[in-house]
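Numbering (our numbering), first residue to last: 220 to 600.
Quick reminder that beta carbons are idealized off the backbone N, C-alpha and C, glycines included.
Okay, structure first, notes after.
Take a look at the structure:
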(Lines of atoms letter the chains of each structure in order from A and count residues from 1; the text may use other names and numbers.)
(Lines give C-alpha, C1' and ligand atoms only; values in the text may rest on other atoms or scores of the structure.)
Protein backbone atom coordinates (compact mmCIF):
# COMPACT_ATOMS: atom_id res chain seq x y z
CA UNK A 1 0.00 0.00 0.00
CA UNK A 2 1.45 3.29 -1.06
CA UNK A 3 1.53 6.46 0.98
CA UNK A 4 -1.26 8.12 -0.97
CA UNK A 5 -3.63 5.26 -0.13
CA UNK A 6 -2.73 5.47 3.56
CA UNK A 7 -3.39 9.21 3.62
CA UNK A 8 -6.68 8.70 1.76
CA UNK A 9 -7.82 6.04 4.24
CA UNK A 10 -6.83 8.25 7.18
CA UNK A 11 -8.82 11.15 5.80
CA UNK A 12 -11.85 8.91 5.29
CA UNK A 13 -11.54 7.60 8.86
CA UNK A 14 -11.22 11.16 10.22
CA UNK A 15 -14.30 12.20 8.29
CA UNK A 16 -16.24 9.22 9.64
CA UNK A 17 -15.16 10.04 13.23
CA UNK A 18 -16.08 13.71 12.79
CA UNK A 19 -19.48 12.89 11.31
CA UNK A 20 -20.05 10.29 14.01
CA UNK A 21 -19.09 12.68 16.80
CA UNK A 22 -21.34 15.37 15.36
CA UNK A 23 -24.20 12.86 15.08
CA UNK A 24 -23.61 11.67 18.65
CA UNK A 25 -23.48 15.13 20.10
CA UNK A 26 -26.26 16.72 18.07
CA UNK A 27 -28.59 13.81 17.52
CA UNK A 28 -27.86 10.85 19.77
CA UNK A 29 -26.73 12.55 22.98
CA UNK A 30 -30.01 13.03 24.94
CA UNK A 31 -31.39 16.48 25.71
CA UNK A 32 -34.04 17.16 28.40
CA UNK A 33 -36.78 19.60 27.51
CA UNK A 34 -37.61 22.32 30.04
CA UNK A 35 -39.86 25.34 30.11
CA UNK A 36 -38.23 28.71 30.57
CA UNK A 37 -38.99 32.25 31.63
CA UNK A 38 -37.34 35.57 31.01
CA UNK A 39 -36.14 38.05 33.58
CA UNK A 40 -38.68 40.91 33.68
CA UNK A 41 -38.44 44.49 34.86
CA UNK A 42 -41.55 45.22 36.91
CA UNK A 43 -42.80 47.10 39.96
CA UNK A 44 -42.86 44.94 43.10
CA UNK A 45 -45.32 45.62 45.89
CA UNK A 46 -43.78 44.36 49.14
CA UNK A 47 -46.47 42.86 51.38
CA UNK A 48 -47.00 40.74 54.47
CA UNK A 49 -49.87 38.25 54.67
CA UNK A 50 -51.69 37.01 57.74
CA UNK A 51 -54.89 35.24 58.78
CA UNK A 52 -57.06 35.80 61.81
CA UNK A 53 -60.56 36.72 62.95
CA UNK A 54 -62.82 39.71 63.54
CA UNK A 55 -62.61 40.76 67.18
CA UNK A 56 -63.29 43.85 69.29
CA UNK A 57 -61.12 45.88 71.61
CA UNK A 58 -63.99 46.92 73.90
CA UNK A 59 -66.42 44.21 75.05
CA UNK A 60 -68.63 44.94 78.08
CA UNK A 61 -70.20 42.27 80.28
CA UNK A 62 -73.36 43.74 81.81
CA UNK A 63 -74.07 41.86 85.06
CA UNK A 64 -75.74 42.48 88.45
CA UNK A 65 -73.45 42.94 91.45
CA UNK A 66 -75.71 40.83 93.66
CA UNK A 67 -77.55 37.61 92.99
CA UNK A 68 -81.05 38.51 91.82
CA UNK A 69 -83.89 37.57 89.51
CA UNK A 70 -84.45 39.16 86.10
CA UNK A 71 -87.56 41.31 86.36
CA UNK A 72 -87.69 42.82 82.85
CA UNK A 73 -85.65 42.99 79.62
CA UNK A 74 -85.58 45.79 77.04
CA UNK A 75 -83.03 44.66 74.43
CA UNK A 76 -82.03 41.61 72.44
CA UNK A 77 -79.12 40.29 70.43
CA UNK A 78 -78.23 42.53 67.49
CA UNK A 79 -79.84 45.68 68.91
CA UNK A 80 -77.96 48.97 68.85
CA UNK A 81 -78.43 50.76 72.17
CA UNK A 82 -77.63 54.31 73.22
CA UNK A 83 -75.74 55.56 76.23
CA UNK A 84 -77.53 55.07 79.57
CA UNK A 85 -80.35 53.11 77.93
CA UNK A 86 -81.96 50.70 80.42
CA UNK A 87 -81.49 47.17 79.12
CA UNK A 88 -82.76 45.16 82.09
CA UNK A 89 -84.07 45.48 85.63
CA UNK A 90 -83.48 42.93 88.37
CA UNK A 91 -85.89 42.15 91.21
CA UNK A 92 -84.98 44.46 94.16
CA UNK A 93 -87.41 42.95 96.72
CA UNK A 94 -84.80 41.75 99.22
CA UNK A 95 -82.79 44.95 98.99
CA UNK A 96 -85.90 47.13 99.41
CA UNK A 97 -86.57 45.51 102.77
CA UNK A 98 -82.99 46.05 103.84
CA UNK A 99 -83.15 49.65 102.65
CA UNK A 100 -86.35 50.26 104.64
CA UNK A 101 -84.72 48.88 107.76
CA UNK A 102 -81.67 51.10 107.18
CA UNK A 103 -83.93 54.15 106.77
CA UNK A 104 -85.71 53.42 110.06
CA UNK A 105 -82.36 53.05 111.82
CA UNK A 106 -81.24 56.35 110.31
CA UNK A 107 -84.36 58.17 111.50
CA UNK A 108 -83.96 56.68 115.00
CA UNK A 109 -80.33 57.77 115.24
CA UNK A 110 -81.20 61.26 113.94
CA UNK A 111 -83.93 61.65 116.59
CA UNK A 112 -81.56 60.47 119.30
CA UNK A 113 -79.02 63.01 118.12
CA UNK A 114 -81.58 65.81 118.29
CA UNK A 115 -82.56 64.79 121.83
CA UNK A 116 -78.92 64.67 122.89
CA UNK A 117 -78.30 68.13 121.37
CA UNK A 118 -81.23 69.49 123.44
CA UNK A 119 -79.78 67.83 126.55
CA UNK A 120 -76.42 69.44 125.84
CA UNK A 121 -78.01 72.88 125.83
CA UNK A 122 -79.71 72.15 129.19
CA UNK A 123 -76.49 70.85 130.75
CA UNK A 124 -74.51 73.82 129.44
CA UNK A 125 -77.00 76.14 131.21
CA UNK A 126 -76.71 74.14 134.46
CA UNK A 127 -72.92 74.19 134.29
CA UNK A 128 -72.90 77.92 133.61
CA UNK A 129 -75.16 78.49 136.67
CA UNK A 130 -73.05 76.22 138.90
CA UNK A 131 -69.83 77.91 137.77
CA UNK A 132 -71.30 81.38 138.46
CA UNK A 133 -72.53 80.26 141.91
CA UNK A 134 -69.10 78.85 142.74
CA UNK A 135 -67.41 82.12 141.78
CA UNK A 136 -69.84 84.06 143.98
CA UNK A 137 -69.24 81.77 147.02
CA UNK A 138 -65.49 82.00 146.54
CA UNK A 139 -65.73 85.81 146.79
CA UNK A 140 -68.06 85.65 149.84
CA UNK A 141 -65.90 83.08 151.63
CA UNK A 142 -62.73 85.11 151.05
CA UNK A 143 -64.43 88.12 152.71
CA UNK A 144 -65.90 86.06 155.58
CA UNK A 145 -69.51 86.38 154.52
CA UNK A 146 -70.06 82.64 153.77
CA UNK A 147 -69.10 79.45 155.54
CA UNK A 148 -66.62 76.95 154.10
CA UNK A 149 -69.36 74.31 153.99
CA UNK A 150 -71.39 76.43 151.63
CA UNK A 151 -68.33 76.84 149.36
CA UNK A 152 -67.74 73.08 149.35
CA UNK A 153 -71.34 72.51 148.26
CA UNK A 154 -70.91 75.02 145.41
CA UNK A 155 -67.66 73.33 144.31
CA UNK A 156 -69.34 69.90 144.25
CA UNK A 157 -72.31 71.24 142.28
CA UNK A 158 -69.99 72.87 139.69
CA UNK A 159 -67.94 69.68 139.27
CA UNK A 160 -71.10 67.54 138.88
CA UNK A 161 -72.51 69.87 136.22
CA UNK A 162 -69.19 69.84 134.36
CA UNK A 163 -69.03 66.01 134.41
CA UNK A 164 -72.60 65.71 133.14
CA UNK A 165 -71.82 68.13 130.29
CA UNK A 166 -68.63 66.27 129.33
CA UNK A 167 -70.45 62.93 129.35
CA UNK A 168 -73.28 64.31 127.21
CA UNK A 169 -70.71 65.79 124.76
CA UNK A 170 -69.05 62.38 124.41
CA UNK A 171 -72.40 60.76 123.84
CA UNK A 172 -73.29 63.20 121.09
CA UNK A 173 -70.11 62.25 119.19
CA UNK A 174 -71.16 58.61 119.42
CA UNK A 175 -74.64 59.44 118.14
CA UNK A 176 -73.21 61.57 115.31
CA UNK A 177 -71.08 58.60 114.24
CA UNK A 178 -74.17 56.38 114.42
CA UNK A 179 -76.06 58.78 112.13
CA UNK A 180 -73.18 58.73 109.61
CA UNK A 181 -73.06 54.94 109.72
CA UNK A 182 -76.79 54.65 109.04
CA UNK A 183 -76.54 57.25 106.27
CA UNK A 184 -73.76 55.17 104.65
CA UNK A 185 -75.85 52.00 104.95
CA UNK A 186 -78.82 53.76 103.37
CA UNK A 187 -76.70 55.09 100.50
CA UNK A 188 -75.09 51.68 100.05
CA UNK A 189 -78.47 49.96 99.79
CA UNK A 190 -79.74 52.64 97.41
CA UNK A 191 -76.64 52.10 95.25
CA UNK A 192 -77.21 48.33 95.28
CA UNK A 193 -80.80 48.84 94.17
CA UNK A 194 -79.63 51.24 91.46
CA UNK A 195 -77.09 48.62 90.33
CA UNK A 196 -79.99 46.26 89.66
CA UNK A 197 -80.95 48.55 86.77
CA UNK A 198 -78.59 47.50 83.97
CA UNK A 199 -77.75 50.39 81.62
CA UNK A 200 -75.62 50.63 78.51
CA UNK A 201 -72.41 52.54 79.38
CA UNK A 202 -72.21 54.12 75.90
CA UNK A 203 -73.43 53.57 72.34
CA UNK A 204 -73.09 49.82 72.07
CA UNK A 205 -74.15 46.77 70.06
CA UNK A 206 -75.74 43.82 71.87
CA UNK A 207 -73.74 40.68 71.07
CA UNK A 208 -75.83 38.32 73.16
CA UNK A 209 -78.60 38.18 75.75
CA UNK A 210 -77.68 35.46 78.22
CA UNK A 211 -80.70 35.44 80.55
CA UNK A 212 -84.47 35.59 80.32
CA UNK A 213 -87.21 37.06 82.53
CA UNK A 214 -87.52 35.06 85.74
CA UNK A 215 -83.98 33.69 85.60
CA UNK A 216 -81.97 34.01 88.80
CA UNK A 217 -78.59 35.41 87.87
CA UNK A 218 -75.62 35.04 90.25
CA UNK A 219 -73.54 38.10 91.06
CA UNK A 220 -71.10 38.90 88.26
CA UNK A 221 -72.74 36.60 85.69
CA UNK A 222 -73.59 38.64 82.56
CA UNK A 223 -77.13 39.24 81.40
CA UNK A 224 -75.88 41.02 78.25
CA UNK A 225 -72.62 41.06 76.32
CA UNK A 226 -72.09 44.38 74.58
CA UNK A 227 -69.48 45.61 72.12
CA UNK A 228 -68.47 49.10 71.11
CA UNK A 229 -68.92 48.99 67.30
CA UNK A 230 -66.21 51.62 66.87
CA UNK A 231 -63.61 49.23 68.31
CA UNK A 232 -64.26 46.24 66.03
CA UNK A 233 -61.11 45.26 64.14
CA UNK A 234 -59.39 42.36 62.42
CA UNK A 235 -56.92 40.48 64.60
CA UNK A 236 -54.30 38.61 62.57
CA UNK A 237 -51.02 36.90 63.39
CA UNK A 238 -47.74 37.61 61.58
CA UNK A 239 -44.54 35.58 61.83
CA UNK A 240 -41.82 37.36 63.79
CA UNK A 241 -39.51 37.22 60.76
CA UNK A 242 -41.97 39.37 58.78
CA UNK A 243 -43.09 41.71 61.55
CA UNK A 244 -39.98 43.88 61.76
CA UNK A 245 -41.08 46.16 58.92
CA UNK A 246 -44.58 46.75 60.29
CA UNK A 247 -45.70 49.95 61.98
CA UNK A 248 -48.98 51.55 63.06
CA UNK A 249 -50.78 53.29 60.20
CA UNK A 250 -49.66 51.03 57.35
CA UNK A 251 -52.45 50.27 54.88
CA UNK A 252 -53.92 46.80 54.49
CA UNK A 253 -56.38 44.91 52.29
CA UNK A 254 -58.76 42.52 54.06
CA UNK A 255 -60.87 39.64 52.76
CA UNK A 256 -63.74 38.42 54.94
CA UNK A 257 -65.02 34.88 54.63
CA UNK A 258 -68.60 36.12 54.32
CA UNK A 259 -67.62 38.49 51.47
CA UNK A 260 -64.77 36.69 49.66
CA UNK A 261 -65.24 38.69 46.46
CA UNK A 262 -64.75 42.07 48.15
CA UNK A 263 -61.62 43.83 49.34
CA UNK A 264 -61.93 46.05 52.41
CA UNK A 265 -59.33 48.72 52.99
CA UNK A 266 -57.92 49.32 56.44
CA UNK A 267 -54.81 50.21 58.39
CA UNK A 268 -52.79 48.87 61.30
CA UNK A 269 -54.21 50.24 64.55
CA UNK A 270 -52.06 48.33 67.04
CA UNK A 271 -49.09 45.96 67.09
CA UNK A 272 -48.84 43.51 69.96
CA UNK A 273 -45.84 43.94 72.25
CA UNK A 274 -45.64 40.24 73.09
CA UNK A 275 -45.09 37.34 70.70
CA UNK A 276 -46.48 33.86 71.12
CA UNK A 277 -43.62 31.81 72.55
CA UNK A 278 -44.78 28.64 70.77
CA UNK A 279 -45.89 29.81 67.32
CA UNK A 280 -43.42 32.76 67.23
CA UNK A 281 -46.16 35.02 65.88
CA UNK A 282 -47.14 38.55 66.78
CA UNK A 283 -50.69 39.92 67.05
CA UNK A 284 -51.58 42.70 64.62
CA UNK A 285 -54.87 44.63 64.87
CA UNK A 286 -56.28 46.18 61.68
CA UNK A 287 -59.12 48.71 61.64
CA UNK A 288 -61.36 48.67 58.56
CA UNK A 289 -61.97 52.08 56.94
CA UNK A 290 -65.48 51.20 55.71
CA UNK A 291 -66.53 47.98 57.44
CA UNK A 292 -69.60 46.07 56.26
CA UNK A 293 -72.49 46.00 58.70
CA UNK A 294 -73.14 43.96 60.60
CA UNK A 295 -69.73 42.49 61.46
CA UNK A 296 -69.64 39.09 63.13
CA UNK A 297 -67.10 38.53 65.86
CA UNK A 298 -65.00 35.44 65.32
CA UNK A 299 -65.43 35.45 61.52
CA UNK A 300 -62.30 34.37 59.67
CA UNK A 301 -60.38 37.09 57.83
CA UNK A 302 -57.28 37.33 55.65
CA UNK A 303 -55.18 40.48 55.50
CA UNK A 304 -52.43 41.69 53.19
CA UNK A 305 -50.40 44.54 54.67
CA UNK A 306 -48.69 46.84 52.17
CA UNK A 307 -45.09 47.54 53.20
CA UNK A 308 -43.50 49.33 50.22
CA UNK A 309 -43.40 49.62 46.42
CA UNK A 310 -40.14 48.90 44.55
CA UNK A 311 -40.37 50.35 41.01
CA UNK A 312 -38.63 48.91 37.92
CA UNK A 313 -36.71 46.04 39.50
CA UNK A 314 -35.59 42.67 38.07
CA UNK A 315 -38.11 39.95 38.88
CA UNK A 316 -38.65 36.24 38.42
CA UNK A 317 -41.46 33.93 39.49
CA UNK A 318 -40.92 32.07 42.75
CA UNK A 319 -41.05 28.68 40.99
CA UNK A 320 -37.87 29.55 39.05
CA UNK A 321 -35.82 29.84 42.24
CA UNK A 322 -33.94 26.75 43.38
CA UNK A 323 -31.29 25.90 45.95
CA UNK A 324 -27.94 24.26 45.15
CA UNK A 325 -25.52 23.42 47.97
CA UNK A 326 -27.49 25.69 50.30
CA UNK A 327 -27.30 28.67 47.92
CA UNK A 328 -30.33 30.32 46.31
CA UNK A 329 -30.18 30.85 42.55
CA UNK A 330 -31.49 29.87 39.12
CA UNK A 331 -30.49 27.62 36.23
CA UNK A 332 -29.93 29.56 33.02
CA UNK A 333 -29.51 28.35 29.46
CA UNK A 334 -25.86 28.73 28.37
CA UNK A 335 -25.74 27.68 24.72
CA UNK A 336 -27.88 24.63 25.30
CA UNK A 337 -26.33 23.71 28.64
CA UNK A 338 -27.57 24.36 32.16
CA UNK A 339 -25.56 26.81 34.23
CA UNK A 340 -26.29 27.75 37.84
CA UNK A 341 -26.27 31.42 38.80
CA UNK A 342 -26.44 32.40 42.49
CA UNK A 343 -28.95 35.13 43.32
CA UNK A 344 -29.63 37.64 46.03
CA UNK A 345 -33.33 37.47 46.88
CA UNK A 346 -35.12 40.52 48.21
CA UNK A 347 -38.90 40.80 48.54
CA UNK A 348 -41.81 38.91 47.01
CA UNK A 349 -45.20 40.10 45.78
CA UNK A 350 -48.65 38.53 46.24
CA UNK A 351 -48.67 37.37 42.59
CA UNK A 352 -45.64 35.13 43.10
CA UNK A 353 -42.91 37.40 41.73
CA UNK A 354 -39.69 37.93 43.64
CA UNK A 355 -37.22 40.81 43.45
CA UNK A 356 -33.79 39.45 42.53
CA UNK A 357 -30.18 40.45 41.99
CA UNK A 358 -27.57 38.39 40.09
CA UNK A 359 -29.03 37.94 36.57
CA UNK A 360 -29.87 40.29 33.70
CA UNK A 361 -32.69 40.68 31.19
CA UNK A 362 -30.78 38.68 28.53
CA UNK A 363 -30.71 35.49 30.61
CA UNK A 364 -33.14 32.70 29.80
CA UNK A 365 -34.07 31.03 33.07
CA UNK A 366 -34.90 27.31 33.17
CA UNK A 367 -37.92 26.21 35.21
CA UNK A 368 -36.87 23.05 37.11
CA UNK A 369 -40.48 21.87 37.63
CA UNK A 370 -39.28 19.53 40.36
CA UNK A 371 -36.68 17.75 38.20
CA UNK A 372 -32.99 17.47 38.97
CA UNK A 373 -30.61 19.65 36.96
CA UNK A 374 -26.84 19.44 37.04
CA UNK A 375 -24.14 21.80 35.85
CA UNK A 376 -23.51 21.42 32.11
CA UNK A 377 -26.60 19.26 31.47
CA UNK A 378 -27.82 19.56 27.90
CA UNK A 379 -31.22 21.15 27.86
CA UNK A 380 -33.80 21.91 25.26
CA UNK A 381 -36.17 24.83 25.73
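- Message: Here's a check: name, in chain order, each residue in its chain whose Cβ is nearer than 7 angstroms to the Cβ of residue 552, leaving out the five neighbours to either side.
- Response: Within the same chain, residue 552 has close Cβ partners 255, 583, 585, 598, 600.
- Would residue 590 be called buried (16 or more neighbouring beta carbons within 10 Å of its own) or exposed? Residue 590 should be labelled exposed.
- Is the region 439 to 452 touching the region 261 to 270, taking contact as three or more C-beta pairs under 8 angstroms? Contact between the region 439 to 452 and the region 261 to 270 is absent, because fewer than three Cβ pairs lie under 8 angstroms.
- Message: For the alpha helix (DSSP H) containing residue 399, name the first residue and the last one.
- Response: Counting along the chain, the alpha helix (DSSP H) containing residue 399 begins and ends at 367 to 414.
- Query: Nearest-angstrom Cα distance between residue 448 and residue 489?
  - Reply: Using only the alpha carbons, I get a separation of about 17 angstroms.
- Item | Element boundaries [beta strand (DSSP E), containing residue 460] | No beta strand (DSSP E) contains residue 460, which is instead part of the alpha helix (DSSP H) from 459 to 462.
- Three or more C-beta pairs below 8 angstroms linking the region 368 to 387 and the region 285 to 295: Judged by Cβ distances under 8 angstroms, the region 368 to 387 makes no contact with the region 285 to 295, as fewer than three pairs qualify.
- Helix or strand or just coil, what does DSSP make of residue 236? It is helical.
- Could you give the distance in angstroms between the alpha-carbon of residue 424 and the alpha-carbon of residue 577? So the two alpha carbons sit approximately 56 angstroms from each other.
- Query: In the region 268 to 330, which residue ranges form an unbroken beta strand (DSSP E) of at least 3 residues, counting only runs that do not cross its ends?
  - Reply: Secondary structure remark: continuous beta strand (DSSP E) runs of at least 3 residues inside the region 268 to 330, in chain order: 278 to 281, 287 to 292, 305 to 309.
- Message: Using the three-state DSSP reduction, which class does residue 568 fall into: helix, strand or coil?
- Response: Looking at residue 568 - three-state DSSP - the assignment turns out to be coil, as it is neither helix nor strand.
- Message: According to DSSP, simplified to helix, strand and coil, what is residue 476?
- Response: Looking at residue 476 - three-state DSSP - the assignment turns out to be coil, as it is neither helix nor strand.
- So what does residue 489 bridge to, in DSSP terms? Residue 489 is bridged to 504.
- Task: Assign residue 398 to buried or exposed, taking buried as 16 or more other Cβ atoms, counted over all protein chains shown, within 10 Å of its Cβ.
- Result: It counts as buried.
- Item | residue 415 versus residue 405 - alpha carbon distance | In this structure, the CA atom of residue 415 is about 16 angstroms from the CA atom of residue 405.
- Message: Check whether the region 455 to 467 and the region 489 to 502 are in contact - that is, three or more C-beta pairs closer than 8 angstroms.
- Response: Between the region 455 to 467 and the region 489 to 502 there are three or more inter-stretch CB-CB distances shorter than 8 angstroms, so the stretches are counted as touching.
- Please check the pair residue 524 and residue 266, which I expect to be a contact at CB under 8 angstroms, by giving their CB distance rounded to whole angstroms. Rounded to the nearest angstrom, the Cβ distance from residue 524 to residue 266 is 6 angstroms, consistent with a contact under 8 angstroms.
- On the DSSP bridge assignment, give the partners of residue 573 in chain order. Its beta-bridge partners are 535, 567.
- Run the proximity test for residue 281: is its beta-carbon closer than 6 angstroms to any non-hydrogen atom belonging to the ligand ATP? The ligand content of the structure shown is nil, which means the ligand ATP is not present either.
- By Cβ distance below 7 angstroms, which residues in the same chain neighbour residue 422 in space, the five residues on each side in sequence not counted? For residue 422, where only same-chain residues beyond five positions count, the Cβ hits under 7 angstroms are 301, 302.
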